[in-house]
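Here's the structure, in structure tokens; my notes come after.
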Amino acid sequence: MKWQLNLRLLVLPALAALVALVGLRVQHSPEEPITTTPGLPWAAFQWHSVLEPAGNATAPTRHPLQPPYPHPYRFLLNQPHKCWERAPFLVLLVATGPADTEGRNSIRQTWGNESSVPGVSILRLFLVGLHPVFADALRPVLQEENVEHGDLLQQDFLDTYNNLTLKTLMGMEWVAKHCPNATYVMKADCDVFLNLDYLVRRLLLPPKTNFMTGYIYRNTGPLRSKAYKWYVPHEVYPNATYPPYCGGPGYVFSADVARKVYAVAQTLPLINMEDAFVGLCLHALGLGITASPRGLFSMVRIQYEPCRFARLVMVHRYQPHEVLELWPRFQDAKATCRR
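With my numbering applied, the sequence shown corresponds to residues 465 to 803, in that order.
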């Protein structure tokens, strides 16, 4: 048994390489102005049903890029007890691949450290699905990792790019069912640099409700060419534009929004663009997005400068091992940088 476990651990880097297919999201101008999102008429964003041929005219057809939802996905790894004896100020939900053990370890030591903001209760959880090829081989590895760290959430959907919406909804479901006493939730991808201390002090105090902020995309729409990984066909989303939404690499919202988004998601057709779908949920709820000061959420990689990063919340396109290397310098510099 020990030999088998060691063998699994030896092949983890190879598995991680096979699944490290995190592509680049379509970039909008980083200088796009951020404003509070006005309410928009929901009728402008309603879907049209696509029906089966005659004979089954009442059953809608599901496109292959549209995963079944609502669907009774089961928790294979869960942490239902985490909020029994405490009310976290911030629940940090980090989307990672099942095989990315090394990345999760780096995040635990850096921005995902639950003690990273003195005096603030932070709860960190990693979101994973089933590896499309190596699910069986990874099962005991993930179970052992979970025994050691107690911070994995996994449901029985395939962990693919087009299923990122399911991954985020899993996190929303967990907060709604197991941690309704939290104050805030942040959803983050694994390839970011996060400054939670600055996030808390600059944006989250005093506590708010019906709140979401991040880098806001406005007046954008689905890409219709199959050449793009972000392809969204008319059958999945027929409208030309999305309601405003926060960029998927990192956004923060009050815990009541998690409960509301999870509830309304049960009534809406799913789309394969996770961040845009959350925007659709907010729009269906009649909730706007709150503007954050310009530049706090960077959707593009910028050169590391300690004092500049001390005044940012998120920078995209920093891999966990890169953050692990710069984190000690960042911690040393924070004390001397004017914020």
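Even for Gly, the Cβ is constructed at its ideal location relative to N, Cα and C. Quick caveat: nothing in here was measured; it's all calculated off a predicted structure.
A direct Cα-Cα distance of roughly 24 Å separates residue 574 from residue 719.
Residue 590 has its alpha-carbon roughly 10 Å from the corresponding atom of residue 652. According to the DSSP assignment, residue 680 belongs to the beta strand (DSSP E) that extends over 676–681. Between the C-alpha atoms of residue 792 and residue 525 there is a straight-line separation of about 52 Å. By the Cβ test, the region 703–721 is in contact with the region 733–742, since at least three Cβ pairs between them sit closer than 8 Å.
Residue 592 sits close to residue 617, with the two beta carbons spaced by under 9 Å. Annotation for residue 770: 793, 794, 797, 801 place their beta carbon closer than 7 Å to its own, counting only its chain and skipping 5 residues before and after. Burial is judged here by how many other beta carbons sit within 10 angstroms of a residue's own beta carbon; residue 691 has fewer than 16 and is exposed. In terms of Cβ geometry, residue 679 and residue 553 do not form a close pair [threshold 9 Å]. Using a Cβ-Cβ distance cut-off of 8 Å, the region 724–731 and the region 606–617 are not in contact, since fewer than three pairs of beta carbons, one from each stretch, lie closer than that value.
For the pair residue 660 and residue 556, the CB atoms are nearer than the 9 Å cut-off. Straight-line spacing of the CA atoms in residue 702 and residue 612 works out to 45 Å. Where residue 607 is concerned, the enclosing alpha helix (DSSP H) starts and stops at 599–613. In the DSSP assignment, residue 726 falls within the alpha helix (DSSP H) that extends over 719–729.
Taking residue 584 as reference, the option from 559, 669, 625 with the minimal CA-CA separation is 669. In this structure, residue 655 lies near residue 713, with their beta-carbon atoms less than 9 Å apart.
By alpha-carbon distance to residue 580, the top candidate from 662, 685, 560, 698 is 662. Cα atoms of residue 549 and residue 737: separation of roughly 35 Å, rounded to the nearest angstrom. For residue 762, the three-state secondary structure derived from DSSP is strand. For residue 648, there is no enclosing alpha helix (DSSP H); the enclosing beta strand (DSSP E) covers residues 648–653. Note on residue 721: 16 or more other CB atoms within 10 angstroms of its CB, so buried under the neighbour-count rule. Residues 547, 551 of the same chain have their beta carbon placed closer than 7 Å to that of residue 645, with the five preceding and five following residues left out of the count.
Taking C-alpha positions only, residue 529 is separated from residue 748 by approximately 22 Å. Residue 558 holds the alpha-carbon nearest to the alpha-carbon of residue 588 among 558, 764, 610.
Residue 610 has its alpha-carbon roughly 8 Å from the corresponding atom of residue 541. In the structure shown, the three-state DSSP call for residue 640 is helix. Of the residues assessed, residue 673 falls on the exposed side of the cut-off, its CB having fewer than 16 other CB atoms within 10 angstroms. The alpha helix (DSSP H) runs lying completely inside the region 534–573 and spanning 4 residues or more are 565–573, given in chain order. Secondary structure note for residue 796: its alpha helix (DSSP H) is the uninterrupted segment 784–798.
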